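Colleague:
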Amino acid sequence: MALSGLFLVVFLLQHFIINFSSVVSPTTFNQWSHFMGYNVLVQFVLQPILIFGVVFHFVMGFVLEIQNRKSRRISYAQFKGNKNAPWVSRNMIWSGGVVLFFLILHFIDFWIPELNHKYIEGSMFHAELSDPSRYYSELVHKFESLLRVCVYVAAFVFLAMHIYHGFSSAFQSLGMKKKHKRSLLFFTQAFAIIIPLGFCFIALYHHLVSIHTIVPHA
Amino acid sequence: MKIKLKIWRQEDSKSKGRFVRYALDSITPEMSFLEMLDVLNEQLISSGDIPVAFDHDCREGICGTCSLFINGRAHGPDRLVTTCQLHMRRFNDGDTIVIEPFRSKAFPVIKDLVVDRSSFDRIQQSGGYISINTSGNTQDANAIAIPKADADRSFEAATCIGCGACVAACKNASAMLFVSAKVSQYALLPQGKVEAKNRVKNMVAQMDLEGFGNCSNTGACEIECPKGISLENIARMNREYLFG
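So the protein lines, in turn, are chains A and B.
Using this note's numbering, the first residue of the first sequence is number -3, and each one after it goes up by one.
Using this note's numbering, the first residue of the second sequence is number 63, and each one after it goes up by one.
#1: Spell out whether any CB of chain B is found under 8 Å from the CB atom of A156/A.
#2: From G189/B to M56/A, what does the alpha carbon distance come to, in whole angstroms?
#3: For the segment 154 to 180 of chain B, which residues have a CB atom closer than 8 Å to at least one CB atom of chain A, in sequence order?
#4: Residues bridged to Y201/A by DSSP?
#5: Leaving out five residues before and five after N204/B in sequence, what residues of the same chain have Cβ atoms less than 7 Å from its Cβ?
#6: Name the chain B residues whose beta carbon is nearer than 7 Å to that of H60/A?
#7: When DSSP builds the beta bridges, which residues end up paired with T308/B?
#8: What are the residues that DSSP puts in a beta bridge with L86/B?
#9: In the DSSP assignment, find the beta strand (DSSP E) that holds T158/B and state where it starts and stops.
#10: Hey, would you say I204/A sits closer than 8 Å to S18/A, going by beta carbons?
#11: To be precise: take each residue of the segment 17 to 43 of chain A, compare its Cβ to all Cβ atoms of chain B, and keep it if any distance is under 7 Å. Which residues remain?
#12: Near H213/A, what residues of its chain come up, given a Cβ to Cβ distance below 8 Å and the 5 sequence neighbours on each side ignored?
#13: Taking Cβ positions, are L293/B and G281/B nearer each other than 8 Å?
#14: According to the Cβ coordinates, are L130/B and L102/B closer than 8 Å?
#15: I need the boundaries of the alpha helix (DSSP H) containing V153/A, first residue and last residue.
#16: By the criterion of Cβ-Cβ separation under 9 Å, what are the contact partners of R178/A in chain B?
#17: How big is the Cα-Cα spacing for G170/A and P192/A?
#18: Who are the neighbours of Y72/A on chain B, taking C-beta pairs under 8 Å?
#19: CB M299/B to CB V262/B, shorter than 8 Å?
#20: Helix or strand or just coil, what does DSSP make of F75/A?
#21: Have a look at the DSSP bridge pairing and note the partners of R135/B.
#22: To the nearest angstrom, how far is the alpha carbon of K173/B from that of V114/B?
#23: Identify, in the order they occur along the chain, each residue of the same chain with its Cβ nearer than 7 Å to the Cβ of N133/B, setting aside the five sequence neighbours on each side.
#24: Expressed to the nearest angstrom, what Euclidean distance is found between the alpha-carbon atoms of F3/A and G49/A?
#25: Could you please give the first and the last residue of the uninterrupted alpha helix (DSSP H) stretch that includes I296/B?
#26: Could you name the residues of the segment 274 to 300 of chain B whose beta carbon sits closer than 9 Å to any beta carbon of chain A, in the order they occur along the chain?
#27: Run through DSSP, which three-state label would H102/A get?
#28: May I ask you to report which of helix, strand or coil DSSP gives I112/B?
#29: Label A243/B either buried or exposed according to how many other C-beta atoms from any shown protein chain fall within 10 Å of its C-beta, with 16 as the threshold for buried.
#30: Using the Cβ count rule (16 or more neighbours within 10 Å means buried), how would you classify F163/A?
#31: By a C-beta neighbour count over all protein chains shown, 10 Å radius and 16 as the cutoff for buried, is N78/A buried or exposed?
#32: Short of 7 Å in beta carbon distance, which residues of its chain neighbour P170/B, apart from the five on each side in sequence? Order them along the chain.
#33: Taking 8 Å as the cut-off, does the segment 127 to 147 of chain A touch the segment 177 to 188 of chain A (at least 3 CB pairs, one atom from each stretch)?
#34: Measuring CB atoms only, is the segment 193 to 208 of chain B touching the segment 244 to 254 of chain B, in the sense that at least three cross pairs come out at less than 8 Å?
#35: Could you check whether the Cβ of F75/A sits closer than 8 Å to any Cβ belonging to chain B?
#36: Taking Cβ positions only, does Q185/A come closer than 8 Å to chain B?
Now the structure itself:
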């Protein structure tokens, strides 16, 4: 769990950097997105590894949860978990479940149209069918919907909670030394707040820009 | 003080348990929690009822025998105390106190509030020892110099009394804090290096075999441990396991 979690955190950072480039430079965003979408190494080596990492993390999460529930067959009549452990650490299965639900939506919303464009329509194998400048306009178009932005922001709040505990927990599972604990805790918790907040900012930024573009000036 | 009690009663390991309510009106704030249960049992015996079974021995917080999950917390509401060190002044007149046994698949209830914690003994037997020469030419312990910091950390780990509060408090019923304390107390000393690799593997394997849950690093065990055993021990055990 720790290793797959750390791998997914690295992926999240890479995803954030590419998405954030859409705010700074639409041209760079288009270039990077096209590279990620059509590079053979990324598509046929890194992407399967990523899918394996995601599936492994979620399956192991559910397997461990089932094992843990079996280890206490009779529940306590009174259990004051909030007195000795924060909510986020006790509810990783729920925050992770929301993130999984979001990933399924993301898959339907983004991945299936991409797969359709690349492999059904054939742009992966016919360069003339691919448009290297389509990504920025597609991104802005996606965030025109307020509902999509709200779902996106809510999902990232849960992702923040999941990483807030999970990132530092991964280092503890890998044997974090006491002398590194404070700095690692600071780094992981800052990461858990800043990166999801950044994703929310990107969604809100493009939503507001699209509204500004659509609504004509008086 | 008048106290109402809601206590888990279970005839034996195979019976189905249930909560039974009792009322006590002669409790003083100076009484320890176990003395309060003694008063209850005296009343039950004098009225011809079966007394409540609960574990206790030294009653001074060092043997690890007493247990009890009191009002939703292992060893009750105070930090760094065992149930025998908990006093009735911690409760208010008229309070209802819910008392349950430590719950874990690996700690089956024997009777009422008494649970079988022999799974901890089996984990210890699987690797919680060092090989020493007892043939008559035993080496003087002081012949091996040990840094003070290592000796202190080893001693801190060794203060674990094996009460099982870490398992009881963990939402996963994990025994990682107990096992890691036992691994650490040897891992930090040169005498423990000989069996280091096998020790951690055998003890973790036995822990899994006993049916304890997995550690998700919530930290509840550290907070509820009456001896303040640190999560640092779990990280050390993970290092021993991964890189040993």
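Quick reminder that beta carbons are idealized off the backbone N, C-alpha and C, glycines included.
It should be emphasised that the depicted structure is a prediction, and the values quoted were computed from it without experimental measurement.
Modeller: For this structure:
#1: Taking 8 Å as the CB threshold, A156/A stays off the interface with chain B.
#2: 28 Å
#3: Correct list: V160, E162, R165, S166, K167, A168.
#4: Answer is none; Y201/A lacks a bridge partner.
#5: Excluding residues within five positions, none has a Cβ falling inside 7 Å.
#6: Note on identity: in this sequence residue 60/A is Leu, with His being the wrong assignment. Annotation: Cβ neighbours of L60/A in chain B (cutoff 7 Å, chain order): N276.
#7: There is simply no residue 308/B to check, as chain B begins at 63 and stops at 306 in what is shown.
#8: I65/B
#9: 158 to 162
#10: Note that residue 204/A is Leu in the sequence shown here, rather than Ile. No; because the gap between Cβ atoms is not below 8 Å, this pair is not in contact.
#11: none
#12: Residue placement at H213/A is poorly supported in this model, since its pLDDT is 45, which falls under 50; the coordinates still yield a value, given next. The answer is none, since no qualifying residue turns up.
#13: Judged by their CB atoms, L293/B and G281/B are nearer to each other than the 8 Å cut-off.
#14: no
#15: Boundaries of the alpha helix (DSSP H) around V153/A: 142 to 169.
#16: Those within 9 Å of R178/A in chain B number zero; the least Cβ separation is about 12 Å.
#17: Here residue 170/A is Leu; the residue named in the question, Gly, does not match the sequence. For L170/A and P192/A, the distance between alpha carbons rounds to 24 Å.
#18: F131, G134, E162, R165
#19: yes
#20: Correct three-state label for F75/A: coil.
#21: I132/B
#22: C-alpha separation (whole angstroms): 9 Å.
#23: By the criterion of a C-beta distance shorter than 7 Å, N133/B is surrounded in its chain by P139, I159, V160, once the five residues flanking it on both sides are discounted.
#24: 7 Å
#25: 294 to 305
#26: Under the 9 Å Cβ criterion, the segment 274 to 300 of chain B contributes F274, G275, N276, C277, S278, N279, T280, G281, A282, C283, E284, I285, E286, S292, L293, E294, I296, A297, R298, M299, N300.
#27: helix
#28: coil
#29: buried
#30: buried
#31: Classification for N78/A: exposed.
#32: S75, V177, D178
#33: no
#34: yes
#35: yes
#36: no
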